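A short worksheet on the structure shown next.
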């Protein structure tokens with residue numbers, strides 16, 4: 035019987051195979067461990083994934099802050115590099131850059147609808163992934 039593998043499952047399986055190649059003895063350790071030990075190992079791997087994700091988003095946030103700050107000036111209000119609140123549509127400069135084409139960021143009703151999510155964002159996910167990371 036042939037099993038059908040979903041795309042996400044295939045990605046996870048590929049990542050797992052790479053992990054087995056990168057970490058010597060991991061496969062043997064997993065095969066000879068109790069269920070509790072395997073769960074602990076999985077938790078450690080997930081902790082590493084979460085840490086890498088946090089590092090990536092913080093690095094991306096710093097890069098975006100540098101990119102949107104006019105040369106030789108500072109943003110007003112200031113955007114802390116280690117805090118996500120006050121960014122995205124909540125920040126004057128960032129909101130203006132994220133505002134959908136065809137909408138007027140200077141119109142207070144439009145701005146309020148973007149901030150509270152009442153205007154649907156229809157651009158590609160990559161663009162709004164950046165907005166999500168910064169909120």
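Residue numbers (our numbering): 35 to 169. Even for Gly, the Cβ is constructed at its ideal location relative to N, Cα and C. In this text, all values refer to a predicted model and were calculated from it rather than measured experimentally.
Task: residue 48 versus residue 55 - alpha carbon distance - done: So the two alpha carbons sit approximately 11 Å from each other.
Open item on the list: In the DSSP assignment, the alpha helix (DSSP H) including residue 129 goes from what residue to what residue?
Closed with: Unbroken alpha helix (DSSP H) run through residue 129: 126-132.
Task: Straight-line gap, residue 132 to residue 117 (C-alpha atoms, nearest Å) - done: Cα-Cα distance, rounded: 19 Å.
Open item on the list: Below 8 Å, how does it come out for the stretch 102-109 and the stretch 119-135: are there three or more Cβ pairs, yes or no?
Closed with: In short, these stretches touch, since the Cβ pair count reaches three.
TODO: Just the C-alpha distance for residue 146 and residue 97, rounded to the nearest angstrom, thanks.
DONE: Separation of residue 146 and residue 97 (C-alpha to C-alpha, rounded to the nearest whole angstrom) is 26 Å.
Task: Inter-residue CB distance, residue 53 and residue 64 (contact presumed, cutoff 8 Å) - done: Rounded, the Cβ-Cβ distance is 10 Å, inconsistent with contact.
Task: C-alpha gap between residue 151 and residue 76, whole angstroms - done: Distance from the CA of residue 151 to the CA of residue 76, rounded to the nearest whole angstrom, comes to 36 Å.
- [ ] Look at the alpha carbon of residue 144 and the alpha carbon of residue 80, and state the distance between them as a whole number of angstroms.
- [x] Residue 144 and residue 80: Cα-Cα distance of roughly 40 Å.
Open item on the list: Between the alpha carbons of residue 164 and residue 93, how many angstroms are there, rounded?
Closed with: In this prediction, residue 164 has a pLDDT of 45, which is less than 50 and means its spatial position is unreliable; what the coordinates show is noted afterwards. When rounded, the distance between both Cα atoms is 12 Å.
- [ ] If I'm right that residue 122 touches residue 113 with Cβ under 8 Å, what's the distance once you round it to whole angstroms?
- [x] A Cβ-Cβ separation of about 10 Å leaves residue 122 out of contact with residue 113 under the 8 Å criterion.
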